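Input: a single structure, listed below in structure tokens.
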Amino acid sequence: MTEKSEALDLRRLTGALGAEVFGLDLRQLDDASFAAVRDAFHRFSVLAFRDQQWTLDEQIAFARRFGALEKHPIVDGMKDHPEIIKIHKAAGDAATFGVGWHSDNSFTEKPSLGSILYGVEIPAVGGDTLFASQYLAYEQLSSGMQEMLQGLRAVHSAKYAYTAPTAREKYEGNTTISYRYSDEVEAEVVHPVVRTHPETGRRALYVNPMFTVRFENMTEDESRPLLDYLFRHAAREDFQCRLRWEVGTVAIWDNRCVQHTALDDCQGAERVHYRVTVQGEVPA
Ligand code: SIN
2 MTEKSEALDL RRLTGALGAE VFGLDLRQLD DASFAAVRDA FHRFSVLAFR
52 DQQWTLDEQI AFARRFGALE KHPIVDGMKD HPEIIKIHKA AGDAATFGVG
102 WHSDNSFTEK PSLGSILYGV EIPAVGGDTL FASQYLAYEQ LSSGMQEMLQ
152 GLRAVHSAKY AYTAPTAREK YEGNTTISYR YSDEVEAEVV HPVVRTHPET
202 GRRALYVNPM FTVRFENMTE DESRPLLDYL FRHAAREDFQ CRLRWEVGTV
252 AIWDNRCVQH TALDDCQGAE RVHYRVTVQG EVPA
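First residue of the sequence shown? That's 2 in the numbering used here, and the numbers climb one at a time after it.
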């Protein structure tokens, strides 16, 4: 069943989050249509649009309507389009990028506001992306736990995601994605464990297993039990939606209130997406 919402024709993906939007060509949105897309983005946190055909420049132009674009501090952008990462898994390879729950670039001072991913080469089966609402993750904690988390901040770093022994291979050119070692890999930043979304005013849990390494002023060992609980809780099935990709699907998601993970279950097939991320603000 589809519903009309804020002038868009859409179908919700699950009760938790996500919607598929019909009948739009993202290259040609007038201001009113873009405002409706942005409203739906704030309401559903993940939007999918099928059958889009755009160039890299058109993807960049669409993304800029949300704000300034980022260049990834570790993963190389495309040669002529440094804002775009080509996420390429060759047939026979295991997926090396985006597998494991995370919020994009939470290891930076101003983590990504949103990401815009365009499906170009899609396996016949597998390679879906899962998303989980961190609004629900926060809202469904007990009041006691919510209160305790309000006072906590956590350290985020790319150091495990990008320096584990397997990740080192990335710097030696052994993957289909090109990485560059920089101080950003080891850097640590501190963010609140619960953040308030600047547009919706809703609170969201903001820790993820890929980049959150400990609570501020605590050791990793001390932090581990509670972090492990929060990571499990944050990815609960009833907080999720699942996107099945098709060639031409564009997905946009809100990293301020969503975690996501690519699924590495299509080893025999090639999978290619182009990703642009929009610069966010210091989490509040
Ligand atoms: C990402 O983490 O940005 C990539 C997700 C995917 O490839 O499905």
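Just so it is clear, CB atoms sit at the ideal spot from N, CA and C, and this is done for glycine as well. Only a predicted model underlies this, so the values are computations on that prediction, with no experimental measurement involved.
- Annotation for P193: the continuous beta strand (DSSP E) segment containing it runs E189 to P193.
- Counting along the chain, the unbroken beta strand (DSSP E) around R272 starts and ends at R272 to V279.
- Selection around the ligand SIN by beta-carbon proximity, strictly under 7 Å to any non-hydrogen atom, yields I88, F98, G99, H103, D105, S116, L118, T130, H261, A263, H274 and R276 in chain order.
- Counting only runs of at least 4 residues, the segment 8 to 81 fully encloses the following alpha helix (DSSP H) elements, listed from N- to C-terminal order: 32 to 45 and 57 to 65.
- Non-local beta-carbon contacts of S104 in its own chain, meaning distances under 6 Å to residues more than five positions away in sequence, involve N209, N256 and Q260 in chain order.
- In the DSSP assignment, F232 falls within the unbroken alpha helix (DSSP H) covering E221 to A235.
- When DSSP reads this structure, S183 sits in no beta bridge, so it has no partner.
- For D94, the three-state secondary structure derived from DSSP is coil.
- The segment 141 to 149 and the segment 261 to 275 do not touch, with fewer than 3 CB-CB distances between them shorter than 8 Å.
- A straight line joining the alpha-carbon of A62 with that of I253 spans about 14 Å.
- Inter-residue distance for R215 and A155 is about 6 Å (C-alpha atoms, whole angstroms).
- The continuous alpha helix (DSSP H) containing S144 extends over residues S144 to Q151.
- In the structure shown, F212 adopts coil according to DSSP, grouped into three states.
- Taking C-alpha positions only, T177 is separated from L206 by approximately 33 Å.
- Cα atoms of L9 and R225: separation of roughly 43 Å, rounded to the nearest angstrom.
- Within the DSSP secondary-structure output, H261 pairs in a beta bridge with H103 and F132.
- The beta carbon of H82 lies closer than 8 Å to those of L57, D58 and I61 in the same chain, with the five residues before and after it left out.
- Here A125 is not bridged, per DSSP, to any residue.
- By the neighbour-count criterion, in which a residue is buried when 16 or more other Cβ atoms sit within 10 angstroms of its Cβ, F23 is exposed.
- In the structure shown, L114 adopts coil according to DSSP, grouped into three states.
- As DSSP reads the structure, D239 sits in no beta bridge.
- Three or more pairs of CB atoms, one per stretch, sit closer than 8 Å, so the segment 130 to 145 contacts the segment 219 to 235.
- DSSP places A159 outside any beta strand (DSSP E), giving it a letter other than H or E.
- Taking one beta carbon from each stretch, the segment 18 to 37 and the segment 71 to 89 have fewer than 3 pairs nearer than 8 Å; the two do not touch.
- By the C-beta criterion, the segment 71 to 81 is judged to be in contact with the segment 178 to 188, since at least 3 inter-stretch pairs fall below 8 Å.
- Short of 6 Å from the beta carbon of H43, and not among the five residues preceding or following it, lie these beta carbons of its own chain, in chain order: E200 and T201.
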